[in-house]
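S.K.: Numbering (this note's numbering), first residue to last: 178 to 657.
Cβ coordinates follow ideal geometry from the N, Cα and C atoms, glycine included.
Computed from a prediction, not measured in an experiment: that's the story for all the values here.
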Amino acid sequence: MRLLSSGAEHWSCKPGVESSILSGGRPYFFGLCVPTVIQRVSCHVGHSILVQVQLYAVETKMKDNTPPVSPGPAGVDEEHEFNIDDIGEVIELEDFDIDAESPGLSGADDDVDDDMDEEEEEEEAEAAAAVEDMASLVFTNHKKSVFTCCVSPDGSLAASGGEDDMAYIWDVNSGNVLHSCSGHKDSIVQVCFSHDGSLLATGDLAGYIQVWKVATHTKIWEFEVEELSWMLWHHASHVLLAGTGKGEMWMWLVPHGNTRTFPSYGSSSTCGAFMRDGKRAVSGYEDGSVRVFDLKSGQSVQQWIPEEAKSVPVVSLDTHKDNNLIITGSYDGSARLLNVNNGKVVGNLNCVVELDNDEEPERPVNHIVEGVSFCPFLPNIAVTSTLAGYITFWDISSQVSRHVLAHDCGSSQLKWHPNEPLLYSSGLDGTVRSYDVRSGEPLAEYTGHTQNVLALDISRNASVLVTASDDATVRVFKLS
Numbered sequence: 178m179r180l181l182s183s184g185a186e187h188w189s190c191k192p193g194v195e196s197s198i199l200s201g202g203r204p205y206f207f208g209l210c211v212p213t214v215i216q217r218v219s220c221h222v223g224h225s226i227l228v229q230v231q232l233y234a235v236e237t238k239m240k241d242n243t244p245p246v247s248p249g250p251a252g253v254d255e256e257h258e259f260n261i262d263d264i265g266e267v268i269e270l271e272d273f274d275i276d277a278e279s280p281g282l283s284g285a286d287d288d289v290d291d292d293m294d295e296e297e298e299e300e301e302a303e304a305a306a307a308v309e310d311m312a313s314l315v316f317t318n319h320k321k322s323v324f325t326c327c328v329s330p331d332g333s334l335a336a337s338g339g340e341d342d343m344a345y346i347w348d349v350n351s352g353n354v355l356h357s358c359s360g361h362k363d364s365i366v367q368v369c370f371s372h373d374g375s376l377l378a379t380g381d382l383a384g385y386i387q388v389w390k391v392a393t394h395t396k397i398w399e400f401e402v403e404e405l406s407w408m409l410w411h412h413a414s415h416v417l418l419a420g421t422g423k424g425e426m427w428m429w430l431v432p433h434g435n436t437r438t439f440p441s442y443g444s445s446s447t448c449g450a451f452m453r454d455g456k457r458a459v460s461g462y463e464d465g466s467v468r469v470f471d472l473k474s475g476q477s478v479q480q481w482i483p484e485e486a487k488s489v490p491v492v493s494l495d496t497h498k499d500n501n502l503i504i505t506g507s508y509d510g511s512a513r514l515l516n517v518n519n520g521k522v523v524g525n526l527n528c529v530v531e532l533d534n535d536e537e538p539e540r541p542v543n544h545i546v547e548g549v550s551f552c553p554f555l556p557n558i559a560v561t562s563t564l565a566g567y568i569t570f571w572d573i574s575s576q577v578s579r580h581v582l583a584h585d586c587g588s589s590q591l592k593w594h595p596n597e598p599l600l601y602s603s604g605l606d607g608t609v610r611s612y613d614v615r616s617g618e619p620l621a622e623y624t625g626h627t628q629n630v631l632a633l634d635i636s637r638n639a640s641v642l643v644t645a646s647d648d649a650t651v652r653v654f655k656l657s
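What follows is the structure, encoded as structure tokens:
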């Protein structure tokens with residue numbers, strides 16, 4: 178879970194949500210560790226609340242039935258030695274428990290709360306009826322918020338996971354469940370298909386990771402880490418990479434179980450990615466630092482450590498296809514361009530859009546840079562998105578914004594069309610939007626969700642767009 182804050186006013190998650198799927202892992206909400214929990218709320222956004230609430234300090238804890246930490250699959254020794262020879266050739270290829278008691282919430286106040294709940298339900302029902310559902314299919318097997326989704330490379334299958342501790346593999350055309358990924362005892366915050374679509378990895382908030390063989394619907398590997406923050410597959414092999422709230426980064430060759438651990442530097446790993454050469458990986462941290470690791474040696478080969486007074490959590494990052502740049506997004510509304518070769522900060526992008534003097538915001542503005550990405554088709558273009566509702570297209574060379582698009586809601590995730598310079602953004606208003614990067618013009622809107630869209634994915638063949646939402650559904654939109 179992550180906390181949205183501005184001065185004395187706060188937004189947070191509704192009861193039952195343990196973590197933000199945007200960064201996952203320890204109780205994070207948009208980049209910050211949450212020491213507080215709400216007394217009463219009506220809705221949440223990706224997971225930020227849209228209404229002002231009063232916060233009570235309580236102890237953040239995982240579910241009591243979270244599985245214990247295990248040493249990993251059979252065959253992995255206690256030292257987690259990583260046999261790099263086994264993957265050398267591959268790498269050389271191109272819910273909160275609310276215990277706080279609050280006075281005055283009994284008797285007549287309960288009746289008032291019931292009335293308010295009924296009114297809110299009626300308003301939500303009216304809003305849902307007013308939304309045009311453009312989805313070709315709605316997957317409704319989840320019982321609570323869906324935090325994460327992905328689609329297979331050929332666009333035939335989707336996987337989703339959420340607050341109900343369940344992940345599913347299902348057919349995007351029929352909605353039929355092909356396999357229920359059981360065994361998790363905490364919210365599923367990560368699901369991802371391998372590069373060839375043969376394997377699916379599922380990870381929960383507590384750090385329990387399972388890998389499933391898609392063709393046979395069988396579990397072939399499992400492992401336990403502490404406080405999973407993020408997880409992804411190598412783009413050319415069955416190598417799985419993950420970062421944790423404790424600050425470690427883990428790499429496994431699946432299903433053999435060969436393991437390498439990259440050390441913690443005392444701060445939570447909040448986001449990560451492989452470099453495009455497939456030989457290095459990068460991680461961003463809560464203390465504002467960024468490190469690049471060599472996968473073969475396991476050593477840090479480049480790092481950027483901010484001055485303590487300027488330490489701001491990194492919440493998003495991406496790597497350039499030319500292997501020379503990293504872009505990071507931070508909690509303070511800034512993005513940085515980092516040169517991987519010389520270790521220099523070569524650009525600082527201010528993603529805070531100032532309002533005119535005569536304009537007053539209806540609510541405190543949160544400028545967290547939740548999404549950053551390099552355009553794969555136009556190498557001199559980068560994109561940033563903030564929770565304040567601004568998507569900015571940047572010229573990397575001049576570090577000047579080409580286009581700034583304003584919306585009434587923030588964006589939880591950015592995704593590129595696989596074949597064209599088109600950008601897709603998942604909105605916290607329940608709408609997915611697409612844009613032409615060359616002109617900066619909005620192209621289309623994909624509606625149907627009645628609450629925040631928390632995740633999206635596009636098949637490699639550009640046939641379908643899949644979205645996950647707080648409304649407990651996953652929707653499929655046909656792109657071709």
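Give me the residue from LYS592, GLN628, GLY339 and SER603 with the minimum Cα distance to ALA639.
M.R.: Out of LYS592, GLN628, GLY339 and SER603, LYS592 has the C-alpha closest to the C-alpha of ALA639.
S.K.: When DSSP labels each residue in this structure, what does ALA131 get in the three-state scheme?
M.R.: This structure gives no information on residue 131, because the portion of the chain shown stretches from 178 to 657.
S.K.: Kindly indicate which residue of LYS423, THR496, ASN527 and LYS473 has the alpha-carbon position closest to the one of VAL581.
M.R.: When only C-alpha atoms are compared, the closest one is ASN527.
S.K.: Taking the CB atoms as reference points, tell me whether VAL614 and ILE558 lie closer together than 8 Å.
M.R.: Yes; because the gap between Cβ atoms is below 8 Å, this pair is in contact.
S.K.: Rounded to whole angstroms, what's the CA-CA distance from TYR623 to ILE482? Just pull it up for me.
M.R.: About 40 Å.
S.K.: Which whole-angstrom value is the C-beta distance of LYS498 and ARG453, which I expect to be below 8 Å?
M.R.: That belief holds up - the Cβ atoms of LYS498 and ARG453 are roughly 5 Å apart, short of 8 Å.
S.K.: What first and last residue would you give for the beta strand (DSSP E) that runs through THR379?
M.R.: 376 to 381 is the span of the beta strand (DSSP E), which, as asked, contains THR379.
S.K.: I need the straight-line Cα distance from LEU405 to THR421, nearest angstrom please.
M.R.: So the two alpha carbons sit approximately 5 Å from each other.
S.K.: Note down the Cα distance separating PHE570 from VAL546, rounded to an integer number of angstroms.
M.R.: Taking the straight line from one Cα to the other gives about 13 Å.
S.K.: From the DSSP output, in three-state form, read off GLU547 for me.
M.R.: Three-state DSSP puts GLU547 in a strand.
S.K.: Distance, Cα to Cα, THR505 vs CYS448?
M.R.: Spanning the two alpha carbons is a distance of roughly 10 Å.
S.K.: Do you know how far the Cα of GLY520 is from the Cα of PHE439?
M.R.: The alpha-carbon atoms of PHE439 and GLY520 are separated by roughly 20 Å.
S.K.: According to DSSP, simplified to helix, strand and coil, what is ALA639?
M.R.: Correct three-state label for ALA639: coil.
S.K.: In three-state DSSP terms, what is GLU485?
M.R.: Here GLU485 sits in helix by DSSP.
S.K.: In angstroms, rounded to a whole number, what distance separates the CA positions of ALA307 and ASP606?
M.R.: ALA307 and ASP606: Cα-Cα distance of roughly 13 Å.
S.K.: According to DSSP, is GLU295 helix, strand or coil?
M.R.: GLU295 falls in the helix class under three-state DSSP.
S.K.: Between ASP572 and the rest of its own chain, which residues show a CB-CB distance below 8 Å, the 5 nearest in sequence each way excluded?
M.R.: Only ASN557, ILE558, SER578 and ARG579 meet the Cβ criterion.
S.K.: Classify ALA450 as helix, strand or coil using the three-state DSSP reduction.
M.R.: If DSSP states are grouped into helix, strand and coil, ALA450 belongs with the strands.
S.K.: When you compare the CB positions of LEU602 and SER657, do they come within less than 8 Å of one another, or not?
M.R.: According to the sequence displayed, residue 602 carries Ser and not Leu. Not in contact: SER602 and SER657 (Cβ atoms no closer than 8 Å).
S.K.: Taking only three categories from DSSP, how would you classify ALA649?
M.R.: Here ALA649 sits in coil by DSSP.
S.K.: Going straight from the alpha carbon of GLY384 to that of LYS320, what length do you get?
M.R.: Roughly 21 Å between the two C-alpha positions.
S.K.: Could you tell me which of LEU382, GLY443 and GLY587 sits nearest to ALA419, measuring between CA atoms?
M.R.: Closest option to ALA419, Cα to Cα, is LEU382.
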